[in-house]
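Enquirer: Residue 5 in UniProt numbering is what sits at position 5 of the sequence shown, and the numbering runs on without skipping anything.
Got a structure for you, written out below as structure tokens; questions coming shortly.
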Amino acid sequence: MIKEIANGTDITSQNTQQLAASSDQINTSVQHLASSSQNLAQLAQDMQQTVATFKL
1 MIKEIANGTD ITSQNTQQLA ASSDQINTSV QHLASSSQNL AQLAQDMQQT
51 VATFKL
């Protein structure tokens, strides 16, 4: 019985570590996505300004 509890605890610990690693990867991906979105927004503004300049 104690052996099964210890085994279950080990499995839970491993799964928790995997979850933490996955969360870190997700956070990194979200940060990259946010940065890319900012870059795209800046590019869109630059393009609008360029078009406005050509219209003059």
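Virtual Cβ for every residue (Gly too), placed ideally from N, Cα, C.
Source: prediction; values computed, not measured.
Taking only the alpha-carbon atoms, compute the straight-line gap between serine 29 and serine 37 and give it to the nearest angstrom.
Expert: When rounded, the distance between both Cα atoms is 12 Å.
Enquirer: With H, G and I counted as helix, E and B as strand and the rest as coil, what does DSSP make of methionine 1?
Expert: Methionine 1 falls in the coil class under three-state DSSP.
Enquirer: Starting from the C-beta of lysine 55, find all residues in its chain whose C-beta is less than 7 Å away, skip the five residues before and the five after it, and write them out in chain order.
Expert: Excluding sequence neighbours, lysine 55 sits near nothing in its chain.
Enquirer: How is leucine 19 classed by DSSP in three states: helix, strand or coil?
Expert: Of the three classes helix, strand and coil, the one that applies to leucine 19 here is helix, per DSSP.
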